[in-house]
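In case it helps, the UniProt record's numbering puts the sequence shown at residues 1 to 259. Backbone N, C-alpha and C define an ideal beta-carbon position, used for all residues, glycine too. Computed from a predicted structure; not experimentally measured. Input: a single structure, listed below in structure tokens.
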Amino acid sequence: MKKLFVFDLDNTLRSTNLRKILPNTKKLIQEISANPDYVLALATGRGLAKLDVLEDMDSFFKYKILVNGAITLEDNLILNENHIKKEVVEDIINAANQRNIAVGLVGMKDEVVTFIDKEVEKAFDNFVDKKPKAQPTFYLEQHVYQMWVFHKDEKMLEKEIRQHQDLEIYHWHDGGFDIVPKGISKASALKELMKKYPDYQVIAVGDGHNDLDMIRLADVGIIMKISRGIKDAQGSFQYVAPHVDHDALYDFLKTQHII
1 MKKLFVFDLD NTLRSTNLRK ILPNTKKLIQ EISANPDYVL ALATGRGLAK LDVLEDMDSF
61 FKYKILVNGA ITLEDNLILN ENHIKKEVVE DIINAANQRN IAVGLVGMKD EVVTFIDKEV
121 EKAFDNFVDK KPKAQPTFYL EQHVYQMWVF HKDEKMLEKE IRQHQDLEIY HWHDGGFDIV
181 PKGISKASAL KELMKKYPDY QVIAVGDGHN DLDMIRLADV GIIMKISRGI KDAQGSFQYV
241 APHVDHDALY DFLKTQHII
């Protein structure tokens, strides 16, 4: 059977605790990529600037769904892209500045913040190895595909953001959230890939709230154990896979005869 596999990155393929992709998971990526009946896709909230965490696994993915579906690459060339309007970005930045809240701005190749404070430093210490630079006028020079907020008083800003009907919010680790154009998600990007592979069985694997629609859409939906989104995912997945830190996803998919 021909199959289209789509995997989330953080805490699905890559352990955030251990800050790496573990050996058996690398083996899984390589085997799926090498099978002529399989197509391998990555779906992540990260942008290009933060994909260095893939290490030597980058070339094995035919498709990369980035910034929660705002950008899709096919063989590292742009297949689809959807950016946030400049005036909308400006509105959010102004609202955040009034509350002294920093905003992350994700471009095609770069990621910046409007300013750096303790909240931003905390977010990046917990999540990634690469620190952004402060560049508040970034949106005037480049398209912004995603914004993000990480702050103890983020609820104040979330209410403001939700007044923009053309924006979508996806919550992430420790209370932060991503902001993308309305209607854009990992699932919307996956739908476009499914049009290219209409006869393929789709297997989607993820752990977060931004993965749930993608998991529901798939023929076979798999959520990671101790997932952040598992409480909201009841009825939308077929399997629960072992925690990423156990490096057991390869054996699990073999045991279930999915690969």
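Residue range 249 to 255 is occupied by the alpha helix (DSSP H) that includes residue 255. When DSSP states are grouped into helix, strand and coil, residue 42 belongs to the strand group.
Under the three-state reduction of DSSP output, residue 105 falls in the strand class.
One thing to note: residue 214 has its Cβ no nearer than 9 Å to the Cβ of residue 241.
Its Cα nearest to that of residue 80, the residue 186 stands out among 186, 98 and 34. If the five residues before and after residue 84 are omitted, its C-beta is found closer than 6 Å to the C-beta atoms of 144 and 181, all from its own chain and listed in chain order. Inter-segment contact for the region 183 to 198 and the region 48 to 57 is absent: fewer than three beta-carbon pairs are separated by less than 8 Å. Between the region 150 to 170 and the region 13 to 22, the count of C-beta pairs closer than 8 Å stays below three; the two stretches do not touch. Excluding sequence positions up to five before and after residue 171, its CB lies within less than 7 Å of the CB of 177 and 209, all in the same chain and listed in chain order. Close CB contacts of residue 23 within its chain, under the 7 Å cut and outside five residues either way in sequence, are with 247 (chain order). CA-to-CA, the gap between residue 156 and residue 124 works out to about 21 Å. Going by DSSP, residue 3 is part of the beta strand (DSSP E) stretching over 3 to 7. Around the CB of residue 100, fewer than 16 other CB atoms lie within 10 Å, so the residue is classed as exposed. Here residue 170 carries a strand assignment [DSSP, helix/strand/coil]. Residue 14 sits in a strand when the DSSP states are folded into three classes. Around the beta carbon of residue 188, a 10 Å sphere encloses 16 or more other beta carbons of the protein chains shown; the residue is thus reported as buried. Contact between residue 259 and residue 93 is ruled out by a C-beta separation of about 45 Å, above the 8 Å threshold. Look at residue 239 here: in three-state DSSP terms it is strand.
When beta bridges are read from the DSSP output, residue 181 appears opposite 167.
Under the three-state reduction of DSSP output, residue 134 falls in the strand class. Under the DSSP assignment, residue 201 falls outside any alpha helix (DSSP H), being part of the beta strand (DSSP E) whose first and last residues are 201 to 206.
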